[in-house]
Amino acid sequence: MNSRGRSRCKRQSLLLLPLLLLLPGCNTEDHGTGEVHVVELPPLPETPQIDQDSAYAYVKAQVDFGPRVPGTAEHRACADWMVAKLKGYGATVIEQTGTVTAFNGQKLPLRNIIASWNPMAKERILLLAHYDTRPFADKDKERVNEPILGANDGGSGVGILLEIARHLSKKEHGPGIDLLFTDVEDFGEPSGAMGVGENSMDTWALGSQYFSKNPHVPGYTARFGILLDMCGASDARFYREAISMRYASTAVAKVWRTAAAIGYGDRFVQETKYFVGTDDHVAINERLRIPTADIIEFNEGTNAFHPSWHTHQDDMSVIDPGTLKAVGQTVMEVVWKER
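In this text, residue positions in the sequence shown follow our numbering: the first is 29, and each later residue adds one.
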């Protein structure tokens, strides 16, 4: 081949490079010769299937403890049960304890739970949900000063993560996985939606604030994060949440695209809504700089959260196994497809 032919071949190889990069299961190498070699990556293992009845049972088990208000026996018992489950699923578990101050000056014990699989892996994915419940029913008209069961607000996210945890010991590829169960998320000052009042913003999500200032591993970071909050109600639909879009639009796109690909596009709506004042993902995004997306229901009837939010109606009657399946399978698919 003459020099002109070699030059033309080299140009054609370079033109093909972007197309090769788009091929699934392929990588490319160029050893300085100008020739592109396609390296076939091993196929990813099949994504495990979420058992919706199992996820539902995990939610019910939490609710059966009663309200999980920080500092109560019910809260301690539920946390102990969670730790035992996670260890039984092969996790390395770290418990992060401390004391935080609530909006009313009350000192509260804090107990964050971090469960890790493949803890030595440098690349990581963070999944999180809060497990405490609201100490009063400030959105109810009756028994306002009594704590709520929090089946959806607290229980649903934890139930899904425990069902995912059941499969993680089988995951031998890709990044390590960390599940963060935050405490004292729901003890915020009563005001608008999730503490949208400017003065009350920092009184919410105290567990994730604590974690972001004191991560369980010095210099902790992750490729991305996914927060699950109020994601178990019947017919729940999940819009792209505005804070997530500000800090973690790529993570949001990954989750919503995956949901559509596996048949849950009707649940995960490709439209952005601003309806969350603050949540556990804010501190993770802002302090730890981990791009974290919030999967949280936007209810079209209330133009905010589910009607049971912060009321005594937030019990097992709200929870739909099909919703737990849709959210859990989407998150599982995202995690399993990361190399």
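We put the CB at the ideal spot given by N, CA and C, even for glycine.
It should be emphasised that the depicted structure is a prediction, and the values quoted were computed from it without experimental measurement.
Using a Cβ-Cβ cutoff of less than 8 Å, which residues in the same chain neighbour residue i once the five nearest sequence positions on both sides are dropped?
i, result
"Y138", "Checking the sequence, you will find Leu at residue 138 rather than Tyr. P98, Q124, T125, G126, T127, V128, D211, V212, L234, G235, Y238, listed in sequence order."
Out of the options, point me to the one whose CA is closest to residue i's CA.
i, options, result
"T300", "C106, R171, T161, N331", "N331"
"L156", "N173, G291, H334, G183", "G183"
"I312", "V280, V121, S240", "S240"
"F266", "V283, D307, G204, A101", "V283"
"H158", "A143, V186, V172, Q134", "V186"
"F296", "Q357, G305, T339, E314", "Q357"
"E269", "S262, A261, D257", "D257"
"D307", "D294, M229, E366, T351", "M229"
"P218", "F93, T339, V346", "T339"
"A354", "G305, S262, V310, D342", "S262"
Report yes if the C-beta distance between residue i and residue j is below 9 Å; otherwise report no.
i, j, result
"L190", "M344", "no"
"G253", "P319", "yes"
"L207", "T249", "no"
"Q90", "A149", "no"
"G119", "L196", "In the sequence as displayed, the identity of residue 119 is Ala instead of Gly. In this structure, L196 lies closer than 9 Å to A119 by Cβ."
"P349", "D81", "yes"
"A279", "S272", "yes"
"N140", "F209", "yes"
For residue i, which residues does DSSP report across the bridge?
i, result
"Y267", "V297"
"E191", "In DSSP, E191 forms no bridge with anything."
"Q124", "N140"
"D322", "L255"
"H158", "T210"
"R145", "Note that residue 145 corresponds to Trp in the displayed sequence, not to Arg. DSSP output for W145 lists I205 as bridge partner(s)."
If you draw a straight line from the C-alpha of residue i to the C-alpha of residue j, how long is it?
i, j, result
"D166", "S336", "11 Å"
"R104", "V67", "51 Å"
"T231", "E63", "58 Å"
"P175", "V111", "23 Å"
"D160", "D108", "13 Å"
"M360", "I290", "11 Å"
"E328", "E102", "33 Å"
"H244", "W145", "14 Å"
"H201", "N173", "48 Å"
"L85", "G260", "Looking at the sequence provided, one finds Ala at residue 85 rather than Leu. C-alpha separation (whole angstroms): 12 Å."
Counting only the same chain and skipping the five closest in sequence on each side, list residues whose C-beta sits under 7 Å from that of residue i.
i, result
"V363", "I153, I205"
"Y117", "A193, R194, L196, S197"
"A287", "G293, R295, F296, T358"
Looking only at its chain, what residues have a beta carbon closer than 6 Å to the beta carbon of residue i, apart from the 5 residues adjacent to it on each side?
i, result
"G373", "Absent from the model: residue 373. The displayed extent of the chain is 29 to 367, so no value can be given."
"F326", "Y267, K301, F303"
"P246", "none"
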